[in-house]
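Our numbering puts the sequence shown at residues 2 to 772. C-beta: ideal position from N, C-alpha, C; glycine also.
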Amino acid sequence: MKKRTTKITKENTIKQTPQNIKQESVQQLELLSVAQLNELKREIEGTLERVVFHNAENGWTVLRLKVANQSELVTAVGAMPDPQPGTGLKLTGSWVNNAQFGRQFQITTFESILPATAQGILHYLGSGLIKGVRTRLASRVVQHFGDKTLDILDNAPERLTEAPGVSPKLAEAIANGWKEHQGVRNLIMFLQPHGVSTTYAVRIYKHYGQSALEVVRDNPYRLAMDLHGIGFITADQIAMKLGFEKDSPLRASAALLYTLNQSADDGHVYYPKRALIALTAKKLDLDPELLDSIIPDLVEEGLIKLETLPSNTLDTSSSDDDDYPDEAIYISRYHHYESKISYYLSRLLNSPKSVSFSDIEKSMDTGLKQVALKLAPEQEEAVRASLNSKVLVITGGPGTGKTTIIKAIIKVFQTVKARILLAAPTGRAAKRMSEATDLEARTIHRLLEYSPKEDGFARNSDNPLACGLLVLDEASMLDTMLMYHLLKAIPLGATVVFVGDVNQLPSVGPGNVLRDLITSKTVKVVELIEIFRQAAESEIICNAHLINHGKMPNISYKLEHQSDFYFFKESNPELVADLIVDLVKKRIPYHFGFNSIEDIQVLTPMNKGIVGAVNLNLRLQEALNPQRILLKRGERQFRLHDKVMQIRNNYDKEVFNGDMGRISSIDLEDKDLVVSFEDRNVLYTFEELDELVPAYAISVHKSQGSEYPVIVLPILTQHYVLLQRNLVYTGVTRGKKLVVLVGEPKAVNIAVSNNNMRKRYTLLAERLRGM
2 MKKRTTKITK ENTIKQTPQN IKQESVQQLE LLSVAQLNEL KREIEGTLER
52 VVFHNAENGW TVLRLKVANQ SELVTAVGAM PDPQPGTGLK LTGSWVNNAQ
102 FGRQFQITTF ESILPATAQG ILHYLGSGLI KGVRTRLASR VVQHFGDKTL
152 DILDNAPERL TEAPGVSPKL AEAIANGWKE HQGVRNLIMF LQPHGVSTTY
202 AVRIYKHYGQ SALEVVRDNP YRLAMDLHGI GFITADQIAM KLGFEKDSPL
252 RASAALLYTL NQSADDGHVY YPKRALIALT AKKLDLDPEL LDSIIPDLVE
302 EGLIKLETLP SNTLDTSSSD DDDYPDEAIY ISRYHHYESK ISYYLSRLLN
352 SPKSVSFSDI EKSMDTGLKQ VALKLAPEQE EAVRASLNSK VLVITGGPGT
402 GKTTIIKAII KVFQTVKARI LLAAPTGRAA KRMSEATDLE ARTIHRLLEY
452 SPKEDGFARN SDNPLACGLL VLDEASMLDT MLMYHLLKAI PLGATVVFVG
502 DVNQLPSVGP GNVLRDLITS KTVKVVELIE IFRQAAESEI ICNAHLINHG
552 KMPNISYKLE HQSDFYFFKE SNPELVADLI VDLVKKRIPY HFGFNSIEDI
602 QVLTPMNKGI VGAVNLNLRL QEALNPQRIL LKRGERQFRL HDKVMQIRNN
652 YDKEVFNGDM GRISSIDLED KDLVVSFEDR NVLYTFEELD ELVPAYAISV
702 HKSQGSEYPV IVLPILTQHY VLLQRNLVYT GVTRGKKLVV LVGEPKAVNI
752 AVSNNNMRKR YTLLAERLRG M
């Protein structure tokens with residue numbers, strides 16, 4: 002039978018470190034010295050007997066090879082994708098004498114030789130190479146086809162049904178698995194000679210299928226647009242290694258889209274054209290004229306939209322007119338979302354109410370008798386406004402009675418048997434809403450019945466929600482995309498009440514929806530100012546309002562004092578980190594009885610740095626959960642019982658950005674784990690661990706919509722760029738029972754004095770005013 006070969010070259014091997022391989026004894030070659038071996042043979046050939054270690058992230062592999070005429074197994078080290086026992090390998094490289102692990106062959110290039118004998122093929126296929134194919138099934142197939150098995154897989158996979166126990170469905174699954182394996186190998190053949198990491202090969206192939214090689218060869222920049230986690234920088238590196246020119250129009254187009262998408266990550270719905278060109282040119286070393294020239298092509302392809310900016314959106318404070326262009330550039334979908342929000346809101350406002358009250362005052366009296374607390378005049382105004390308005394915004398800080406108003410509105414609408422729906426952007430906020438009202442509240446995604454299969458919401462203008470009243474809490478978290486889908490699904494006759502604190506940080510996603518609704522003056526707005534007596538007794542609430550008004554909070558320094566708000570002075574970042582670990586692990590649990598993991602949440606303004614979320618998570622994870630049952634994915638460790646957070650929406654699993662849970666089990670053999678969220682358990686495969694991060698410490702942005710019994714918040718002058726009033730205000734208002742700040746009073750003063758919120762480019766307010 003003809004020998005099958007696949008040649009892959011690795012030009013730059015990765016250096017071995019003790020951390021990269023398991024601590025086990027390695028048999029040494031004693032017959033010849035390293036110098037003699039290198040002189041006599043720089044190429045070895047044999048059968049892969051055992052994989053000692055393989056890092057799926059970078060391909061680094063330590064393997065044991067059975068070499069002809071050698072009684073001892075040879076240890077070889079180097080980068081190799083998906084090594085499978087039973088595979089024949091021809092390696093080129095050099096012999097090295099590792100001080101810790103002995104004599105080894107350092108791989109420079111390798112040639113993969115598929116097995117030619119039935120026994121070799123059985124060993125190869127039974128190794129788990131194809132998902133779902135293990136030794137028993139492989140044995141049935143190989144026993145039937147013998148040494149022709151691989152030819153059958155290549156050329157006549159439909160014949161697999163001839164093997165005992167192989168159904169047409171199973172045959173199709175085996176054939177697809179083999180085709181994927183071969184496709185990935187072919188893609189690696191193309192990438193490796195150019196020094197491109199094989200890390201992405203499987204993901205690229207799974208996304209593009211049989212056309213993967215063609216896509217990478219013709220336009221590697223598509224990877225940045227189509228695959229999450231492969232950004233422009235990675236795609237650009239691949240393109241450069243494949244010989245693409247720095248001033249290629251493909252590179253210019255991808256660069257402009259990359260910068261535009263980054264601006265969306267920063268909360269912008271659009272970006273000014275000339276500013277976008279200047280920013281892209283500077284960051285990625287491109288000619289501004291080239292960038293300007295490719296914009297019409299991107300518009301024609303439907304990737305972006307251009308729109309003339311209204312004169313009132315231009316900043317005339319600068320003398321440099323070039324910084325303030327007259328056109329907005331949108332990613333096409335965001336232009337659609339923003340323009341359609343004004344359309345659907347206008348349609349809603351101009352439709353009659355489906356819920357009517359023959360006697361508003363009588364309905365209010367009847368409904369309010371069921372509310373335990375007496376309403377203040379501004380709270381009564383909010384309830385009355387909900388009976389008269391189609392769309393109402395209620396905004397106010399902590400302790401101003403927003404929850405009481407929600408309960409009162411519900412009671413009044415119940416007097417006329419209205420159908421009521423409650424929703425919030427996050428699971429935690431929905432749960433709090435349910436607990437406060439004794440009615441079911443759902444996340445917006447669940448309310449709109451997102452379907453992973455259809456990749457869309459089942460509830461829309463053709464299949465609207467069934468309700469006379471919709472109350473949406475934590476409305477400051479609404480981004481442009483979610484607002485669009487929500488308005489699209491609201492029945493024309495419904496009354497909609499948005500409740501939120503406009504002074505908190507805006508949504509993580511693009512847009513500033515709640516503030517734009519308020520500033521447009523197109524809907525009724527009730528602003529709550531009065532702080533009620535019980536709330537006024539809380540230092541957390543009083544200090545939150547002081548911060549919101551640009552004043553320093555009242556701070557004390559010792560936990561022994563009776564308060565729910567404390568400040569610990571420390572300017573050294575290393576000592577701040579030490580103090581935070583001590584507070585969370587020992588001092589707060591000792592003085593107040595709170596659980597270090599379940600009750601205390603560390604919030605931080607930034608992700609990087611000594612007191613950033615990444616480093617604090619490492620410190621707190623080691624201090625609070627020194628568990629040794631763990632999985633490693635890149636730089637992250639996932640330990641049994643860890644507190645973790647989902648960092649992007651996964652509609653298939655129905656877990657969303659910001660959802661938090663605990664790791665309840667880890668399977669070290671299959672390299673997967675289960676996370677227990679509040680309502681269910683969710684399985685994560687090894688590849689899906691990129692969606693999780695440890696959550697002992699999280700950014701203030703990620704805390705939106707959530708409340709915690711205790712929050713610990715570091716504030717240092719090194720956070721200068723992020724020291725803004727709404728950030729500290731949002732962080733402080735996340736704490737229900739105890740708030741502890743750690744850092745510098747000067748940093749707090751800088752933050753509360755800075756009310757210049759970072760501008761978000763959005764035209765929603767202008768569109769709403771033009772309805």
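The Cβ neighbour count for Y206, taken over all protein chains shown within 10 Å, is at least 16; the residue is labelled buried. Membership of P289 in the alpha helix (DSSP H) is indicated by the continuous run 289–301.
Leaving aside the five residues that flank N727 on each side, the residues in its chain whose CB is nearer than 7 Å to its CB run, in chain order, N504, Q505, L506, M758. For H269, the three-state secondary structure derived from DSSP is coil.
DSSP places P250 in the helix class (H, G or I) of the three-state scheme. DSSP places G732 in the helix class (H, G or I) of the three-state scheme.
Counted as a single uninterrupted DSSP element, the alpha helix (DSSP H) harbouring E339 occupies residues 333–350.
Within the same chain, K489 come within 6 Å of S462 by CB-CB distance, once the 5 residues on both sides are set aside. Leaving aside the five residues that flank K747 on each side, the residues in its chain whose CB is nearer than 8 Å to its CB run, in chain order, T718. Within the DSSP secondary-structure output, E46 pairs in a beta bridge with K91. In terms of CA proximity to G303, S254 leads the group S254, R275, S312. Residue pairing from DSSP places G501 in a beta bridge opposite T396. The continuous beta strand (DSSP E) containing F111 extends over residues 103–115. With the rule of 3 Cβ pairs closer than 8 Å, the segment 276–292 does not count as touching the segment 304–313. Per the Cβ contact rule, the segment 621–630 is not in contact with the segment 672–687 (fewer than 3 Cβ pairs under 8 Å). With respect to R735, I716 sits apart: the two C-beta atoms are not nearer than 8 Å. Counted as a single uninterrupted DSSP element, the beta strand (DSSP E) harbouring V63 occupies residues 61–68. Collapsing the DSSP output to three states places P353 in coil. One thing to note: V300 has its Cβ no nearer than 8 Å to the Cβ of V394. Of the residues assessed, Y125 falls on the buried side of the cut-off, its CB having 16 or more other CB atoms within 10 angstroms.
Judged by their CB atoms, G501 and L515 are nearer to each other than the 8 Å cut-off. When rounded, the separation of the alpha-carbon atoms in S343 and Y485 is 9 Å. Under the 8 Å Cβ criterion, the segment 607–618 does not count as touching the segment 750–767, having fewer than three qualifying pairs. Comparing alpha-carbon positions, the option among A467, E636, L529, V270 lying closest to P511 turns out to be V270.
DSSP, reduced to helix, strand and coil, places S312 within a helical segment of the structure shown.
Nearest to E692 by C-alpha distance, out of N650, R629, N389, is N650. For T605, the three-state secondary structure derived from DSSP is strand. Around the CB of E215, fewer than 16 other CB atoms lie within 10 Å, so the residue is classed as exposed.
If one requires a minimum length of 4 residues, the alpha helix (DSSP H) runs lying completely within the segment 126–199 are 136–146, 150–156, 169–192, in chain order.
Residues of the same chain with a CB within less than 7 Å of the CB of R348, apart from the 5 flanking positions on each side, are L493 in chain order. The beta-bridge partner set that DSSP reports for E328 consists of T309. Around the beta carbon of P453, a 10 Å sphere encloses fewer than 16 other beta carbons of the protein chains shown; the residue is thus reported as exposed. Per DSSP, M81 has no beta-bridge partner at all. Take the alpha-carbon of A157 and the one of Q120: they are about 21 Å apart. Pairing V676 with V645 gives a Cβ-Cβ distance under 8 Å.
Annotation: the continuous beta strand (DSSP E) that includes S677 extends over 673–677.
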